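The sequence shown begins at 189 in the numbering used here and counts up one residue at a time.
Ideal placement from N, C-alpha and C gives every residue a C-beta, glycine not left out.
Quantities reported herein were computed from a predicted structural model and do not represent experimental measurements.
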Amino acid sequence: MLFTDVIRKKRDGGELSDNDIQFFVDGLADNSLPAEQVSALAMAIVLNSMTFDETARLTLAMAASGTVIRWQDLKLDGPVVDKHSTGGVGDKVSFMLAPIAAACGCFVPMISGRGLGHTGGTTDKAEAIPGYNTAPDFPTFRRVVRDVGCAIIGQTADLAPADRRLYAIRDVTATVESVPLITASILSKKIAAGLDALVMDVKVGTGAFMKTPERARKLAQSIIATAAMADLKTHVLITDMNEVLGRTAGNALEIAEAVRYLRDEGREARLDGVVLGLCAEMLVVTGIENDRAAAERRCNDAVTSGRAADIFGKMVAALGGPSDLIDNGSKYLPAAAVVRPVHADGYLTRMDTRGVGNAIIELGGGRHRVGEALDLSVGFSDFASIGTLLDAQTPLAIVHAASEDDAVQAEKLLLDACELAEEAPTVTPVIAEIIPGTA
Ligand code: URA
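Encoded structure:
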């Protein structure tokens, strides 16, 4: 079979056969397809989409391209459940949600991704913690999940290797924004992780891959229907990504914010809403709680009691990081050389959040090319939320850069991405919709 025929078929709007899809997935997993052919097919899929059947077949083939994890032999006394986000800017939710869910009786084997397009990646953020191993062997991963209750790691070579390669190529070829490709990418990893249930955070807005509520709902329905075919109970929350989530964006800065949250020190309201909303849904989808409000109270209690912070500390130590990160974060996290406020005047009314993500890439915190090393210290902190009146005392954000020149460029990109007005805007709720799926 010639792969150019497969590309041509999709380019001309045709439907790929089982054989075409298997050929694609095998060629991804064993590296026999060159990146230019992979990206040509990815672009044809972005432009001409896939039917539901093609999407389901691609997802199942990618899930089967490597190891499929089984948890039954560990006889865990709680459900194996995870959360996954379609990607945003400042989305550090996993670092809080995984230990909170573990404190509430879940086991969370979280296999996360690297930065994708303008969005940040949980794996990159975790690597801001010195010594933290995002690629442990399977026995270690399973042991940490069993003993601690959660483990956040990156995609390993054995787990959905077809997605691992496709993901890296999509990141740098403007081929992320596709309902079938996002569905297959996310669910292949989650099916391979052997979960009992999944909660999806589908982001919508200027910093999301889905810009409109209609597109976000379409992705949510695609994920729910494809997950159902693989018997994976999935609930979806559609959440707002029209501004940075929380007060930081940038790898180490986001870890520092997650640590402050877990210490119950200044939980930014929108971030808190997303963390507790998603985590409560994990308790609902697994049947640990029937009532969302009760589930949310239970999650909140895991934070205020310090149990979630304790579990996070144990997870970090078990994966090779410092045992006292929760108490001494600033001792360990990398810091940028230039740190200074970015000022503006008026009400912050709108953010082109993708532009903020791109500013972080320009600072060195995200990638232009496959495999590029990151400067984990850079980004923005102290972000004002939409509706804040900015003045000489209240900056838009604080930029963290490796040099003065980088700081000047990032400041300009940030200001270009933000709109100001004399009137306060109306503020949208952070949780737009809850779609209970197939549970
Ligand atoms: N997260 C993933 O794992 N894959 C995508 O395509 C988008 C978000």
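Item                                                                                                                            : Value
Candidates THR400, VAL333 and LYS271: closest to ALA505 by CA position                                                          : VAL333
Same chain only: Cβ atoms within 7 angstroms of ARG451, ignoring 5 sequence neighbours per side                                 : ALA497 and ILE514
Exposure of GLU611, with buried meaning 16 or more beta-carbon neighbours within 10 Å                                           : exposed
Backbone CA spacing between ILE254 and LEU304 [nearest angstrom]                                                                : The identity of residue 254 in the sequence shown is Gly, whereas the question assumes Ile. If you take the alpha carbons of GLY254 and LEU304, they lie about 22 angstroms apart.
beta-carbon VAL504 near the ligand NAP non-hydrogen atom, thresh 7 angstroms                                                    : Within the structure as shown, the ligand NAP is missing, the only ligands being the ligand URA.
Boundaries of the beta strand (DSSP E) in which ILE209 is found, first to last residue                                          : It is not in any beta strand (DSSP E) - ILE209 instead sits in the alpha helix (DSSP H) that spans 206-217.
Proximity winner among ILE374, ALA437, ARG331 and VAL226, relative to SER565 (alpha-carbon distances)                           : ALA437
Beta-bridge partners of TYR320, as assigned by DSSP                                                                             : For TYR320, which the question treats as bridged, DSSP gives no partner whatsoever.
GLY552 beta carbon near the ligand URA (any heavy atom closer than 7 angstroms)                                                 : no
Any non-hydrogen atom of the ligand URA within 7 angstroms of GLY275 CB                                                         : yes
C-alpha distance - LEU584 paired with LEU425, whole-angstrom precision                                                          : 28 angstroms
Runs of beta strand (DSSP E) wholly within the region 596-624 (minimum 3 residues, chain order)                                 : 606-609 and 619-623
Buried or exposed by the 16-neighbour rule on C-beta atoms within 10 Å, applied to GLU592                                       : exposed
Nearest-angstrom Cα separation, counted from GLY461 out to ILE317                                                               : 25 angstroms
Closer than 7 angstroms: ILE340 CB and nearest the ligand URA heavy atom                                                        : no
SER300 - containing beta strand (DSSP E), residue span                                                                          : 296-300
Selection from GLY475, GLY278, ASP218 and LEU248 that minimises the alpha carbon distance to ASP384                             : GLY475
Coarse secondary structure for ASP200, derived from DSSP in three states                                                        : coil
Closest by C-alpha distance to LYS271, when choosing among CYS294, GLY278 and MET250                                            : CYS294
Beta-carbon gap between LEU347 and LYS377 smaller than 8 angstroms                                                              : yes
Nonlocal neighbours in the same chain, by C-beta distance under 6 angstroms from ALA444, ignoring five residues either side     : GLY517 and LEU521
Residues of its chain near ALA380, where Cβ-Cβ distance is below 6 angstroms and the 5 sequence neighbours each way are ignored : ALA251, VAL256, LEU347 and ALA348
Cα-Cα separation between ALA561 and ARG302, rounded to whole angstroms                                                          : 12 angstroms
The region 275-295 in contact with the region 539-551 per 3-pair CB rule at 8 angstroms                                         : yes
ALA547 versus ARG557, ASP604, VAL269 and ASN478, residue with shortest Cα-Cα distance                                           : ASP604
Distance cut-off 7 angstroms: VAL367 Cβ against heavy atoms of the ligand URA                                                   : no
Unbroken stretches of the alpha helix (DSSP H), 4 residues or longer, contained in the region 427-510                           : 439-450, 457-473, 480-492 and 495-506
Contact set for ALA314: own chain, Cβ-Cβ below 7 angstroms, skip 5 residues either direction                                    : TYR320, THR322 and ILE340
VAL178 CB to nearest heavy atom of the ligand URA below 7 angstroms                                                             : The structure shown does not extend to residue 178, since the chain is modelled only from 189 through 627, so no value can be given for it.
GLY575 burial status per 10 Å Cβ neighbour count (16 or more: buried)                                                           : exposed
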